[in-house]
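Here the sequence shown stands for residues 9 to 97, where the numbers follow our numbering.
The beta carbon of each residue, even a glycine, is placed where N, CA and C say it ideally should be.
As structure tokens, the structure follows; a few thoughts come after it.
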Amino acid sequence: MHICSALRFPDGSATSPGDTKLSGYAVEVTDRDQLTPMLAARGFGPDAFRDSHFFAADIREIVLTRTEGSVTVIDLWLPDRELHHFTRS
Numbered sequence: 009m010h011i012c013s014a015l016r017f018p019d020g021s022a023t024s025p026g027d028t029k030l031s032g033y034a035v036e037v038t039d040r041d042q043l044t045p046m047l048a049a050r051g052f053g054p055d056a057f058r059d060s061h062f063f064a065a066d067i068r069e070i071v072l073t074r075t076e077g078s079v080t081v082i083d084l085w086l087p088d089r090e091l092h093h094f095t096r097s
């Protein structure tokens, strides 16, 4: 998955400070007992969307890359680890 670097507003401001990338897996959820609470939280009954496929994101890595002046800054997140912060000039 890739998230847009930034959406620019007319005043020049942005919604994101850099480029974000996610990596992982899309895991299909077929158990209606797992889907029912998710549907209920969104106001749907347990039989809604019977012919649809549902997926959960199993995210394994998130990387945010941005520039600060003349330096490239990289933040790396991995499950069960501390956030890693790198800089490159």
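Problem set entry | C-alpha gap between ASP83 and ASP39, whole angstroms | Counting from 1 along the sequence shown, the entry for residue 83 is found at position 75. Counting from 1 along the sequence shown, the entry for residue 39 is found at position 31. Pairing ASP83 with ASP39, the inter-Cα distance amounts to about 35 Å.
Problem set entry | Continuous beta strand (DSSP E) assignments of at least 3 residues falling wholly in the region 51 to 78 | 62 to 76
For this session: Look at the Cβ atom of VAL35, then the Cβ atom of PHE63, and state whether they are nearer than 9 Å.
Result: In the sequence shown, counting from the first residue as 1, residue 35 sits at position 27. In the sequence shown, counting from the first residue as 1, residue 63 sits at position 55. Yes. Within cutoff.
For this session: Go ahead and pull the three-state DSSP assignment for THR95.
Result: On the sequence shown, position 87 is the one that residue 95 refers to. Three-state result, THR95: strand.
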